[in-house]
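Please read the structure below before turning to the comments.
Numbering (UniProt numbering), first residue to last: 1 to 448.
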């Protein structure tokens, strides 16, 4: 660590303390400006101190050289004293600058930097104190100028100032200083007032943001717990419901076997309805359980969509051949995805496209993907029966069916699976009409 950095950190720690305030209001920034002024003043003041003291000693102005040295030492005290209150440090700094300005005016007149120091002190005061203190500084400057006018008029002291000016010329020079003081403080007042409003608004927004963030964290935690409870409920419910359904199926099967040839036609039909209902209920429960488990405790991984599609088509080979479906695809991308869920997504969309075919027309399905900005947009187009525009959102709702069970088998969960899978990947799924007849299911997933 460099010496400069060590010096700066030590000084800031000594003046501002260790703990940074939660809200950096205007008072904090006043203290920060003062601290940095002290940090830079000490090393930079040597540029003026060394030649100033040398010239003062050469010209016999021993008191002026003494005041120069005392001023720098007082600023060193302000920077390094461990127990001084920051407000006291500010007062000492301003007082020493005023003392130096007065001595410079007395010994060097307007040829020295005395008037410049008076202007600088007022601006400095406006930056490190409330603006009202800067207006008090202007009043003090007026008083100093009046006192020097009296000194010039009555000549109680023999100095450069009394030799160079008469009261009228001094008033003309010093009035320019007061004018600049007033303009600078007025502009700084406007700037500080604007900053105060901005800082107050920012602090209010930060508090609101913190409150909303805490509230959101609480809601997220609550939602996480509720999801876990819902998953547990779905698992337990499905497990508990599966058992009586298996019992019903077994009992019905045993009744049919033990009474084979003895059952009248109506009883046999009723038992058949009972078996079908039990099988359907088991399918619904299994689908619900699978839906609740989608994406659970899994990590995103690099997935080749071409390979996923081929695996999906291999699993559906028999179903595809039975329906004489023709499936084509373009080159698909690689994604950061859940592999099994992505496979289920393709499987559900292809199965739906084959299931909802038009009579006497072989299903034709085309799967493509194009990149749009930061997403890959996949399309699964078919030549099936299509879907009315009124129902294009409802089809993704779990258990929602557009067709009776007798016309098309299913549980009404497949497309709900698709939406949940796409949502898990931070994407979106929707359906459009195929201009050539049928439907186009599109979904977009983020690019790797």
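Virtual Cβ for every residue (Gly too), placed ideally from N, Cα, C.
Just so it is clear, the structure is predicted and the values come from calculations on it, not from any experiment.
Checklist entry - Going by the CB atoms, is the gap between residue 170 and residue 154 shorter than 8 Å? => result No, the pair does not count as a contact, with Cβ atoms beyond the cut-off.
Checklist entry - When you compare each of 87, 52, 420, 249 to residue 71 by their alpha carbons, which one comes out closest? => result From the listed residues 87, 52, 420, 249, the smallest Cα separation to residue 71 is found for 52.
Next on the checklist: Does residue 445 come out as helix, strand or coil in the three-state DSSP assignment?
Outcome noted: Under the three-state reduction of DSSP output, residue 445 falls in the strand class.
Item to check | Distance, residue 69 Cα to residue 136 Cα | outcome: About 27 Å.
Checklist entry - Looking only at DSSP bridge pairs, what is residue 301 linked to? => result Paired residue(s): 337.
Item to check | Proximity to residue 33 [Cα-Cα], best of 124, 120, 275 | outcome: Among 124, 120, 275, the Cα nearest to that of residue 33 is on 124.
Item to check | residue 377 in three-state terms, based on DSSP | outcome: Residue 377: strand per DSSP, three-state reduction.
Item to check | the stretch 1–17 touching the stretch 103–115, judged by at least three CB pairs closer than 8 Å | outcome: These segments do not touch.
Checklist entry - Grouping DSSP H, G and I as helix and E and B as strand, with all else coil, what is residue 327? => result Strand at residue 327.
Next on the checklist: Within 8 Å, do at least three Cβ pairs link the stretch 79–91 to the stretch 11–29?
Outcome noted: Contact holds: three or more Cβ-Cβ distances are below 8 Å.
Checklist entry - Looking only at C-alpha atoms, which of 365, 426, 246 sits nearest to residue 386? => result Closest by alpha carbon: 365.
Checklist entry - Tell me, which residues are paired with residue 440 by DSSP? => result Under DSSP, residue 440 takes part in a beta bridge, and its partners are 381, 432.
Item to check | CA nearest to the CA of residue 142, picked from 276, 126, 179, 161 | outcome: The alpha carbon of residue 142 has as its nearest neighbour, out of 276, 126, 179, 161, the alpha carbon of 179.
Next on the checklist: My assumption, with CB atoms under 8 Å, is that residue 445 sits in contact with residue 375. Please give the rounded CB distance.
Outcome noted: Confirmed, Cβ separation roughly 7 Å.
Next on the checklist: Buried or exposed, going by whether 16 or more other CB atoms sit within 10 Å of the CB of residue 405?
Outcome noted: With a pLDDT of only 46 at residue 405, under 50, the local geometry of the prediction cannot be trusted, and the value read off the model is given with reservation. By the 10 Å Cβ count, residue 405 comes out exposed.
Next on the checklist: Assuming residue 507 is part of the alpha helix (DSSP H), what are its boundary residues?
Outcome noted: It is not possible to answer for residue 507, since the shown part of the chain is limited to 1 through 448.
Checklist entry - Is residue 383 closer than 8 Å to residue 413 when the C-beta atoms are compared? => result With contacts defined as CB atoms closer than 8 Å, residue 413 and residue 383 fail to qualify as a contacting pair.
Checklist entry - In terms of residues, what are the limits of the beta strand (DSSP E) holding residue 365? => result Start and end: 364–372.
Next on the checklist: Short of 7 Å in beta carbon distance, which residues of its chain neighbour residue 182, apart from the five on each side in sequence? Order them along the chain.
Outcome noted: Cβ neighbours of residue 182 beyond the five flanking positions: 138.
Checklist entry - The alpha helix (DSSP H) spanning residue 14 covers which residue range? => result Counting along the chain, the alpha helix (DSSP H) containing residue 14 begins and ends at 3–16.
Checklist entry - Exposed or buried, residue 165, counting other C-beta atoms within 10 Å across all chains shown (16 or more means buried)? => result Residue 165 is classed as buried because its beta carbon has at least 16 other beta carbons within 10 Å across all chains shown.
Checklist entry - Using CA coordinates, which residue listed in 334, 276, 437, 185 is at the minimum distance from residue 356? => result Ranking the options by Cα distance to residue 356, first place goes to 437.
Checklist entry - Which two residues bound the contiguous alpha helix (DSSP H) that contains residue 532? => result Any question about residue 532 goes unanswered here, given that the chain covers just 1 to 448.
Checklist entry - Does DSSP classify residue 356 as helix, strand or coil? => result DSSP places residue 356 outside both helix and strand once states are collapsed to three, so it counts as coil.
Checklist entry - Short check: CB of residue 371 to CB of residue 448, under 8 Å? => result Not closer than 8 Å, so no.
Item to check | Beta-carbon contacts of residue 117 that lie in its chain and below 7 Å, excluding the five residues immediately before and after | outcome: Contacts found: 97, 100, 101, 104.
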